[in-house]
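Chains as they are written, first to last, in my numbering: chain A, 1 to 114; chain B, 115 to 227.
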C-alpha cells in the first residue's frame, strides 16, 4: 500500500516568517512529487512539482526533494495571512511524469498570524 | 469561465437513492480524473479516462460506482444505492496530456442522510 504521510498540524507561524511543511512517502519508485494548496471549502490548486533531488524555487516557494530519505518539503518564505490553508503533498502512481494519478497525504493546515 | 465545471455543486440525498454527477473538463483536455475527498483527508483517486477510454479504476471504486465519458468530452459519475459513507466531495480534474498540469473543478458535495 503506497502511502504519503504529513503532519496534520495546525502549523502556526507569524506573518513574515518561513513556514516549513514536510512529507514522507513509502514507494521508492515514485518519480514525481507535488504540492497543492487547498483553501477551506475549495478545490486543490497546484503550487509546485518537483522531479529531481535538490531544491526548486518559484517565487516565495521552495520545494525540496530527497529521494534517498523519501522526503519532500515545501518552504514558504515571507509568509502572509493569505497563505493560511491546507497544504497537500502528492506523489504520482503512474509512470514517468504523469501528474493525474496521484496519492495525496492528509494535508497540513497552516495558519499565518498577522 | 473555461475551467473544469462540475454539477451539481451540492446534493443531499436519502440513503439508498442513486445520484449522478457531471464533469465538463477544459476544452480539448484528453485526460479526465475523478477523486473523492472526505473531511480531514486528502483527495483519493477513483478513476481516470484518456479520451473515452476508462484506463484505471481504484479498488476504492465499488460496484455501486460507475463512471463514463461517452464522447471523450464530459464525464458522469453515478453512485447507486448511496450509503452514508459515500458522503464526500467528488472532485473532477482534467489535463491536456498525462504529464501536463491537472486542473481541479470546484467539486460536487454529496451528503447522504
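Virtual Cβ for every residue (Gly too), placed ideally from N, Cα, C. Bear in mind the structure is a predicted one, so any value in this text is a computation, not a measurement.
Beta-carbon gap between residue i and residue j smaller than 9 Å
{"i": "residue 90/A", "j": "residue 35/A", "result": "yes"}
{"i": "residue 113/A", "j": "residue 8/A", "result": "no"}
{"i": "residue 145/B", "j": "residue 121/B", "result": "no"}
{"i": "residue 45/A", "j": "residue 26/A", "result": "no"}
{"i": "residue 186/B", "j": "residue 165/B", "result": "yes"}
{"i": "residue 119/B", "j": "residue 221/B", "result": "no"}
{"i": "residue 66/A", "j": "residue 147/B", "result": "no"}
{"i": "residue 183/B", "j": "residue 194/B", "result": "no"}
{"i": "residue 18/A", "j": "residue 159/B", "result": "no"}
{"i": "residue 68/A", "j": "residue 53/A", "result": "yes"}
{"i": "residue 149/B", "j": "residue 157/B", "result": "yes"}
{"i": "residue 2/A", "j": "residue 154/B", "result": "no"}
{"i": "residue 196/B", "j": "residue 178/B", "result": "yes"}
{"i": "residue 127/B", "j": "residue 225/B", "result": "yes"}
{"i": "residue 75/A", "j": "residue 20/A", "result": "yes"}
Cβ of residue i within 9 Å of any chain B Cβ
{"i": "residue 90/A", "result": "yes"}
{"i": "residue 130/A", "result": "In the structure as shown, chain A starts at 1 and stops at 114, and residue 130/A therefore has no counterpart that could be examined."}
{"i": "residue 80/A", "result": "no"}
{"i": "residue 4/A", "result": "yes"}
{"i": "residue 11/A", "result": "no"}
{"i": "residue 49/A", "result": "yes"}
{"i": "residue 150/A", "result": "What is shown of chain A runs 1 to 114, which leaves residue 150/A out entirely."}
{"i": "residue 56/A", "result": "no"}
{"i": "residue 110/A", "result": "no"}
Nonlocal neighbours in the same chain, by C-beta distance under 6 Å from residue i, ignoring five residues either side
{"i": "residue 134/B", "result": "190 and 192"}
{"i": "residue 73/A", "result": "22 and 64"}
{"i": "residue 50/A", "result": "33, 56, 63 and 65"}
{"i": "residue 171/B", "result": "161"}
Test: residue i CB closer than 9 Å to a CB of chain A
{"i": "residue 126/B", "result": "no"}
{"i": "residue 179/B", "result": "no"}
{"i": "residue 140/B", "result": "no"}
{"i": "residue 215/B", "result": "yes"}
{"i": "residue 184/B", "result": "no"}
{"i": "residue 136/B", "result": "no"}
{"i": "residue 167/B", "result": "no"}
{"i": "residue 205/B", "result": "yes"}
DSSP state of residue i mapped onto helix, strand, coil
{"i": "residue 82/A", "result": "helix"}
{"i": "residue 138/B", "result": "strand"}
{"i": "residue 107/A", "result": "coil"}
{"i": "residue 58/A", "result": "strand"}
{"i": "residue 64/A", "result": "strand"}
{"i": "residue 120/B", "result": "strand"}
{"i": "residue 93/A", "result": "coil"}
{"i": "residue 198/B", "result": "helix"}
{"i": "residue 126/B", "result": "strand"}
{"i": "residue 18/A", "result": "coil"}
{"i": "residue 43/A", "result": "coil"}
Residue i Cβ short of 8 Å to the ligand ZN heavy atom set
{"i": "residue 42/A", "result": "Absence of the ligand ZN is noted for the structure shown, with no ligands found whatsoever."}
*Just checking, does the stretch 72-86 of chain A make contact with the stretch 12-24 of chain A on the three C-beta pairs under 8 Å criterion?*
yes
*Touch test, the stretch 193-212 of chain B against the stretch 141-160 of chain B, Cβ-Cβ under 8 Å, three pairs minimum*: yes
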